[in-house]
Structure formats: C-alpha cells, structure tokens
Amino acid sequence: MTKISIHPDLLLSILYGSPNGRRFTQDSPVLPEVWAKYAEEPGLAVPGLIVPRKSHQAHHVADELYERLLEYRTHHQLTERNRLDVADLPGLVTVRCQFDEVVNVILPLTRWWDTDGMSELVKESKTTIARWGSEAFSKLQDWIAHGSHTRGFHARSGGFIGHLGDFFPVRPRSDEAAKRTPFTDSAARLLLSIAALHAAQRRKNKPKDAKQSETDKELYYIVELKDLSPTGVGDALADLLKLSFLQQRSKARTPHYQEIAKQAEPDVVGRPSEGFLRLIHTLSLNRRGKGAVYNSTKTTKADAARRLFKVSNSNITWAVIDSGIDAQHFAFQDLAAKPVQAQGDSPLRLSEKESRVDKRYNVALITHLRNRDTLRDKTRRGALARAIANQIDMPGNDDLASKRDKVDKLLIEIRDEMGRGRQVNWDLVERIMRVRHDHAPQSHHGTHVAGTLGGAWTDHYKGEEVKVEGMCPDIRIIDFNVLGGSIEVTEFAVVAALRLIRHLNERNDYVVIHGANLSLAIPHDVSNYACGKTPVCVESETLVSSGVVVVAAAGNTGYNVFKTKAGEVPLHTESSIADPGNAESVITVGATHRLEPHTYGVSYFSSRGPTGDGRMKPDLVAPGEKINGPICNNEFARLEGTSMAAPHVSGAAALLMARFPELIGRPDRIKRILCDSATDLGRERSYQGAGLVDALRALQSI
Numbered sequence: 054m055t056k057i058s059i060h061p062d063l064l065l066s067i068l069y070g071s072p073n074g075r076r077f078t079q080d081s082p083v084l085p086e087v088w089a090k091y092a093e094e095p096g097l098a099v100p101g102l103i104v105p106r107k108s109h110q111a112h113h114v115a116d117e118l119y120e121r122l123l124e125y126r127t128h129h130q131l132t133e134r135n136r137l138d139v140a141d142l143p144g145l146v147t148v149r150c151q152f153d154e155v156v157n158v159i160l161p162l163t164r165w166w167d168t169d170g171m172s173e174l175v176k177e178s179k180t181t182i183a184r185w186g187s188e189a190f191s192k193l194q195d196w197i198a199h200g201s202h203t204r205g206f207h208a209r210s211g212g213f214i215g216h217l218g219d220f221f222p223v224r225p226r227s228d229e230a231a232k233r234t235p236f237t238d239s240a241a242r243l244l245l246s247i248a249a250l251h252a253a254q255r256r257k258n259k260p261k262d263a264k265q266s267e268t269d270k271e272l273y274y275i276v277e278l279k280d281l282s283p284t285g286v287g288d289a290l291a292d293l294l295k296l297s298f299l300q301q302r303s304k305a306r307t308p309h310y311q312e313i314a315k316q317a318e319p320d321v322v323g324r325p326s327e328g329f330l331r332l333i334h335t336l337s338l339n340r341r342g343k344g345a346v347y348n349s350t351k352t353t354k355a356d357a358a359r360r361l362f363k364v365s366n367s368n369i370t371w372a373v374i375d376s377g378i379d380a381q382h383f384a385f386q387d388l389a390a391k392p393v394q395a396q397g398d399s400p401l402r403l404s405e406k407e408s409r410v411d412k413r414y415n416v417a418l419i420t421h422l423r424n425r426d427t428l429r430d431k432t433r434r435g436a437l438a439r440a441i442a443n444q445i446d447m448p449g450n451d452d453l454a455s456k457r458d459k460v461d462k463l464l465i466e467i468r469d470e471m472g473r474g475r476q477v478n479w480d481l482v483e484r485i486m487r488v489r490h491d492h493a494p495q496s497h498h499g500t501h502v503a504g505t506l507g508g509a510w511t512d513h514y515k516g517e518e519v520k521v522e523g524m525c526p527d528i529r530i531i532d533f534n535v536l537g538g539s540i541e542v543t544e545f546a547v548v549a550a551l552r553l554i555r556h557l558n559e560r561n562d563y564v565v566i567h568g569a570n571l572s573l574a575i576p577h578d579v580s581n582y583a584c585g586k587t588p589v590c591v592e593s594e595t596l597v598s599s600g601v602v603v604v605a606a607a608g609n610t611g612y613n614v615f616k617t618k619a620g621e622v623p624l625h626t627e628s629s630i631a632d633p634g635n636a637e638s639v640i641t642v643g644a645t646h647r648l649e650p651h652t653y654g655v656s657y658f659s660s661r662g663p664t665g666d667g668r669m670k671p672d673l674v675a676p677g678e679k680i681n682g683p684i685c686n687n688e689f690a691r692l693e694g695t696s697m698a699a700p701h702v703s704g705a706a707a708l709l710m711a712r713f714p715e716l717i718g719r720p721d722r723i724k725r726i727l728c729d730s731a732t733d734l735g736r737e738r739s740y741q742g743a744g745l746v747d748a749l750r751a752l753q754s755i
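Here the sequence shown stands for residues 54 to 755, numbered as in the working numbering.
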C-alpha cells in the first residue's frame with residue numbers, strides 16, 4: 054500500500070521559516086522532533102515524553118491526559134486504537150499516541166494554547182478555518198517561491214509583508230475586542246506544518262518528483278511546497294481540528310482537576326479561568342539509545358593502587374544501569390567467602406549467596422507498572438502478572454501459579470493507589486521489579502560492563518593460567534536492567550533507575566549505593582533540547598547532588614562519514630557527546646587504547662567535545678578498545694566502545710571511597726581528584742578531557 058508523507062526537512066522549513074528568513078527556535082511546547090517523527094512514520098503511534106508544568110504533579114497530569122485520550126477515542130469511534138501506554142514518574146509522563154491526538158488532546162493542555170490564539174481559533178467554523186488555512190498556505194508558497202524573508206520585502210507586490218499570523222485574524226467578539234488573544238507567527242507556522250502533513254498523508258497519488266523513503270519502500274515524501282494545494286491544506290486543517298472536542302477543553306475529566314476548577318478565579322472578562330488546565334510544559338520523543346559499546350586495569354594502575362594501599366571495596370556498592378547482568382557467572386564470585394569449585398565437567402554457576410551481584414531489578418517494567426491501560430484491563434494485567442511471575446524474586450517456594458496470583462494482587466494495589474491520585478510507591482514498585490538471581494539477561498552488554506568494574510576470573514596466556522581482575526574485584530554490584538531484551542533503551546526507564554537509586558538511599562540511615570555506571574549513549578538532539586537539560590541529564594544531576602557518583606559513557610559517534618561535493622569523506626565529529634554525558638556533574642568518559650594510550654591516543658570512535666553549549670567534555674578517557682570481559686553463560690569476549698571505558702573510571706572512583714571513606718557522599722570532590730590526577734596524553738582537551746584516569750596517582754594525591 055503506497056503511503057504519502059511530507060519530507061521531515063520540508064516540514065521543519067515550514068516550522069522554522071525559509072532559509073532567507075529562518076528562525077532558529079520553535080516556540081511550540083511540542084518539540085519539532087515529534088512532528089518530524091510523525092512525518093517519518095505516518096499512521097503509527099509515537100512514544101512521547103511529557104514534562105508537566107511545575108505547578109502540576111505528574112500522576113495528576115497522567116490521569117487527566119489518560120481520561121481525555123479515552124474520551125477522544127470513544128467520541129470519534131477510534132476502536133482500532135488499543136494502546137495509550139500512559140505512565141508516570143515524578144516529573145515525567147510517557148504516552149504513546151497518534152498524530153491527531155497530539156493536536157487535539159495534548160496541545161490544548163499547554164500554555165501555548167491560550168497565549169497564541171488557538172483557544173479563539175477553534176470557536177470559528179470549519180469553513181472559516183479552511184479558508185484561512187488555504188490563504189495562509191498560498192501566501193507561504195508565494196514567499197518561498199520568490200525567496201522572501203519571513204518578514205520583509207515581497208518581490209512580486211513591491212510591498213512589505215507581515216507574519217503568517219496576520220492571515221489567521223481571530224475575529225474580535227463584541228466587548229472582548231481590545232482583549233483578544235493575538236495569533237502569533239509561530240502558531241500559524243505550526244498550524245500550517247501539521248495541516249500540510251495531514252494533507253500529504255490524505256493524498257492518494259504521489260507527486261511526480263516524490264522521494265522514496267530509505268527505510269520504507271512503500272513510503273514516498275513530498276519534497277516541495279508546490280506539490281501541495283492550498284485548498285487541500287486548508288481542508289486538511291479543518292479536518293484535523295476536532296472542534297466539538299476542542300471546545301470542551303475547559304471541562305476537567307478527573308476529580309482532582311474538577312475540584313481545582315471549582316476554585317479557579319474568573320479571568321479579566323468574567324469567564325471561568327482555564328489556567329488550571331495548562332498542564333504540559335513540553336512533549337518530546339521518548340528517545341531511544343544504544344549501549345555505547347587484555348587486562349586493561351594495568352593501564353589505569355588500579356592493580357598497583359590496590360596492592361600499595363591494601364584497598365578493599367567489599368563495603369562499596371555500585372549500580373550498573375545497563376542490559377542486565379548474568380549474576381551466576383563465576384567472574385562475580387564473592388572472594389571473601391569459601392571458594393566455589395565446579396562439579397566435574399559442569400560449568401561453575403554461582404548461587405545467590407556466592408555472587409557479589411546483590412540485587413537485580415528489571416526497571417524496564419516501569420512503563421507497565423504505571424500504564425493505566427494495562428492495570429485497568431483484567432486480561433492485560435493477567436498477562437503482565439504471568440510475565441513478572443516468571444522472573445520475580447519473591448520470598449518462599451511458591452509455584453508459578455501462586456506467584457502469578459500474588460503479583461496480580463500487587464498490581465491491583467498499584468492500580469488502586471493510582472486511582473486515589475497517589476504518586477509512585479517505590480517500595481511497592483521495587484518488590485515487583487526484583488528479579489531472581491538465576492534469571493538470564495538477553496544481552497551480553499551489562500555483564501561485560503560489570504565484569505570490567507568488578508569481575509575476577511582466570512584466563513590462559515601462552516599456555517599458562519593467569520588471574521584477570523577488573524578494577525575492583527571485591528566490589529558489591531546491583532543490577533538495574535533498563536534495556537530488556539535488546540540493546541535499545543528508553544530515556545523513561547533510565548530516569549526511573551536513577552530515581553530508584555535515590556529512593557534506596559533515602560529510606561536508609563546509610564548509603565546503600567555509592568555510585569552508578571551508565572554505559573549508555575542517548576543521542577542529544579541539539580535542535581530540541583538545551584545541552585545538559587534533557588530529562589535524563591537533569592535526573593543525573595539530581596542523583597549527583599544527593600551524593601552519588603554518576604559515571605557515563607561519552608558515546609561512540611566521534612567518527613562519521615560526511616558527504617561532500619568531492620564524495621564521502623571520513624572525519625572526526627566534534628561536539629558529539631551523548632546524554633547523559635552532557636550533564637555537567639556527571640563524569641563523562643571517552644575511550645583510548647587498552648595498552649598503549651600514549652601511542653594511539655583517543656580512540657577514533659570516541660565521542661568528542663566540547664558540549665553543544667561550549668563546556669569541556671569528556672572529563673576523562675580510559676581503556677575502551679578490545680576489552681576482555683565476561684559475557685553471559687560463563688563465557689568471555691572482547692568488546693570495545695566507551696561503554697567499556699566508563700566502568701574503569703567507576704572503579705577508580707570506588708577505590709577512592711574505599712580508601713578514604715570521608716569522600717563518600719562527595720561526588721564533586723571525587724570528580725575533581727580524578728581529573729586533577731589524570732595523565733595527560735598530549736591530545737586536544739576536547740578529545741581527551743583531563744587525560745587518562747590514573748587510580749594510583751588519585752589515591753596518592755590525597
């Protein structure tokens with residue numbers, strides 16, 4: 054089936070303006086990346102991440118949004134849409150919805166709806182809206198065709214032109230004439246963008262010069278505005294705006310906001326104020342990322358530091374936020390306990406008491422545990438309970454059916470608490486997320502990262518058995534699986550893991566988790582986010598401010614192939630640091646050669662700084678090439694990437710806290726010590742940061 058859409062670049066050109074008069078930012082609270090995603094995947098529901106406005110709590114916003122989306126689908130008989138996936142954490146809401154739902158349900162819950170004229174526009178008739186849309190789009194085509202500025206001299210008429218908002222003249226209403234809301238240029242551009250997208254996707258025939266999608270053979274892109282008719286765009290705008298629904302915006306759907314509505318003061322013209330419904334600050338994509346993927350501890354001098362200072366990390370616990378850890382792997386044997394021997398030819402597999410992986414959490418479950426669709430539907434909740442029962446670490450020797458019943462009761466308890474308007478009950482969520490010691494992860498990545506940080510095993514070199522150790526071979530480890538069954542990660546799950554760490558520390562009188570390693574790389578979209586201010590960066594900063602060391606991989610996009618007039622040219626990529634490495638307080642780690650860093654310098658793939666707003670990153674580099682480490686099922690492999698570099702620095706930080714306990718809870722001081730004691734490799738600072746981490750010199754410097 055042939056699908057037609059507007060090319061994302063053309064869509065953004067409408068939002069931002071033509072090249073001659075291009076604006077650099079877009080004012081709508083729905084970030085441009087969201088509209089571009091709907092252009093790339095027409096007809097599909099897109100996962101989004103909502104930041105509520107500061108005066109509203111996420112669980113209340115999630116409830117109101119969920120009820121509005123349900124009402125919208127019921128009102129328009131959209132029975133084929135069966136997933137909403139509305140879930141929440143404090144400060145964040147995740148949702149999966151269609152293009153028209155963003156326009157008609159999410160946008161009206163933003164401040165922009167009131168301040169930029171939309172609340173007045175939707176009071177007009179569809180005929181009027183279609184006419185305005187047609188006239189404005191025709192004017193836009195005319196401006197672009199003649200190279201005019203967004204606001205400047207019009208080549209054809211010989212006169213000056215105004216903003217596109219001038220062509221959406223919201224009609225004054227009697228005594229409100231002097232107080233009517235202006236219609237801004239950015240609002241007009243947004244309306245034309247979404248109308249053009251809707252018009253393109255309603256087309257039956259593709260234009261002659263349409264561009265075929267590189268990923269979908271049935272999808273064709275419109276690449277020029279002239280291939281869209283103004284009448285078609287105007288009609289599409291009128292069709293897209295569901296006026297009868299939008300005119301009911303001020304009606305609260307949940308008891309919490311119904312009570313607030315009763316107390317709302319009337320506005321300046323005596324109408325009931327709708328300010329209480331400005332619930333949403335921004336909607337962005339729930340971004341996906343990837344893992345930033347012979348004895349390298351000698352390169353960091355960790356082996357010498359442990360011997361010289363007789364350091365033991367047995368009282369230090371580190372969180373590995375990754376793809377899950379094979380806790381039965383013999384590389385994680387508790388060396389302080391009685392050595393475990395393999396029985397005959399059977400491979401050695403550790404029991405829970407024999408492993409230094411103390412606890413395991415499947416944080417990828419968080420979207421299900423806050424998903425209103427799942428928890429309120431008995432069939433879906435039962436399926437979730439069965440899946441959790443297969444992996445949950447639950448006291449007792451219950452059979453699978455009994456575990457499933459107990460899990461279902463816990464899910465009902467979460468549902469009921471959510472129905473009473475309560476935030477996340479982390480104690481309850483933690484119980485459900487706990488994973489059995491013997492439940493196997495489906496990716497090797499987390500096991501390898503944990504092994505570099507705290508593994509210890511024997512290997513063979515030139516026919517002899519040799520002992521191989523990670524940075525801290527007696528450190529305690531807690532496994533936070535955010536990746537599930539693949540290497541892809543959602544920002545929402547990573548934020549949940551960071552918050553769970555805070556909860557585990559705050560409910561005790563002592564520090565439970567001293568540091569966290571994130572060998573993850575979530576690409577930073579520079580046109581949509583302030584650098585270091587994305588949700589995962591902000592949450593990382595909050596965790597650091599609570600006293601936890603956070604170490605993150607810089608990313609593996611420091612090398613790319615660029616297309617030029619002379620052909621493809623391979624070049625290093627500056628300002629390519631990934632999130633959460635862009636967060637200022639996080640220790641961001643690039644990669645170098647595992648044995649000869651002075652000779653080879655920074656690895657070609659290692660992401661480079663500075664950050665997008667000009668701060669120095671990475672902070673340090675560490676071995677990240679061909680790192681030998683454990684993988685699932687008692688096996689070993691060599692992996693490379695800044696993922697492998699980050700746990701070297703986590704280990705150095707852990708050694709500092711083990712030797713000098715007064716540094717516990719002082720991540721800023723630890724970062725400064727590691728950077729001040731690093732070995733200069735003689736490379737550009739934006740490549741190497743402070744240099745190669747040196748665990749021995751760090752301990753000696755205090």
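Even glycine gets a Cβ: it sits at the ideal position worked out from N, Cα and C.
Assigned secondary structure, residue i (DSSP; H/G/I helix, E/B strand, else coil)
| i | result |
| --- | --- |
| Pro85 | helix |
| Asp747 | coil |
| Ala380 | coil |
| Ile419 | helix |
| Asn609 | coil |
| Leu571 | strand |
| Phe615 | strand |
| Cys525 | coil |
| Asn135 | coil |
| His625 | strand |
| Tyr347 | Residue placement at Tyr347 cannot be trusted, given a pLDDT of 48 that sits under 50; what the coordinates show is reported in the next sentence. It is coil, neither helix nor strand. |
| Ala208 | Summary for Ala208: the model assigns pLDDT 34, below 50, so the residue's position carries little reliability; its value from the coordinates is reported in the next sentence. Ala208 falls in the coil class under three-state DSSP. |
| Thr595 | helix |
| Ser660 | coil |
| Val680 | It should be pointed out that residue 680 corresponds to Ile in this sequence rather than to Val. Of the three classes helix, strand and coil, the one that applies to Ile680 here is strand, per DSSP. |
| Tyr125 | helix |
| Ile717 | coil |
| Ser246 | helix |
Reference residue i, options the options, closest by Cα
| i | options | result |
| --- | --- | --- |
| Met710 | Asn157, Asn581 and Ser365 | Ser365 |
| Pro576 | Val521, Cys525 and Gly634 | Gly634 |
| Asp62 | Ala249, Cys685, Gly665 and Ala417 | Ala249 |
| Glu678 | Tyr119, Leu272, Thr352 and Phe221 | Thr352 |
| Cys584 | Lys670, Leu536 and Val604 | Lys670 |
| Ala384 | Arg738, Ile684, Leu745 and Val83 | Ile684 |
| Glu466 | Ala436, Ala440 and Leu428 | Leu428 |
| Val148 | Ser172, Ser239 and Arg423 | Arg423 |
| Leu716 | Ile369, Ala454 and Asp562 | Ile369 |
| Gly287 | Leu727, Thr181, Asn135 and Leu463 | Thr181 |
| Glu271 | Ala372, Trp165, Val175 and Met54 | Met54 |
| Trp724 | Ile528, Asp672 and Ile275 | Reading the sequence as shown, one finds Lys at residue 724 and not Trp. With distances taken between Cα atoms, Lys724 lies closest to Asp672. |
| Asp238 | Tyr91, Ser81 and Lys176 | Ser81 |
| Thr335 | Asp666, Val674, Lys406 and Ala111 | Ala111 |
| Asp721 | Ser660, His651, Thr587 and Gly568 | Gly568 |
Residue(s) in a DSSP beta bridge with residue i
| i | result |
| --- | --- |
| Ile445 | Val488 |
| Leu294 | Bridge partners of Leu294: none, in fact. |
| Val373 | Asp532 and Asn570 |
| Leu757 | A question about residue 757 goes unanswered here, because the residues of the chain that appear run from 54 up to 755. |
| Phe220 | For Phe220, which the question treats as bridged, DSSP gives no partner whatsoever. |
Rounded Cβ spacing between residue i and residue j (contact assumed at less than 8 angstroms)
| i | j | result |
| --- | --- | --- |
| Ser599 | Arg555 | 6 angstroms |
| Cys590 | Asp632 | 5 angstroms |
| Pro700 | Leu403 | With a Cβ gap of about 20 angstroms, Pro700 and Leu403 do not count as contacting. |
| Leu50 | Val460 | Residue 50 lies beyond the stretch modelled for the chain, which goes from 54 to 755, so this question has no answer here. |
Beta-carbon proximity check, residue i vs residue j, cutoff 8 angstroms
| i | j | result |
| --- | --- | --- |
| Gln254 | Ile566 | no |
| Gly218 | Ala252 | no |
| Leu245 | Ala183 | no |
| Ala357 | Leu65 | no |
| Ile485 | Ala503 | no |
| Ile313 | Trp88 | no |
| Leu388 | Ala574 | no |
| Lys456 | Ala442 | yes |
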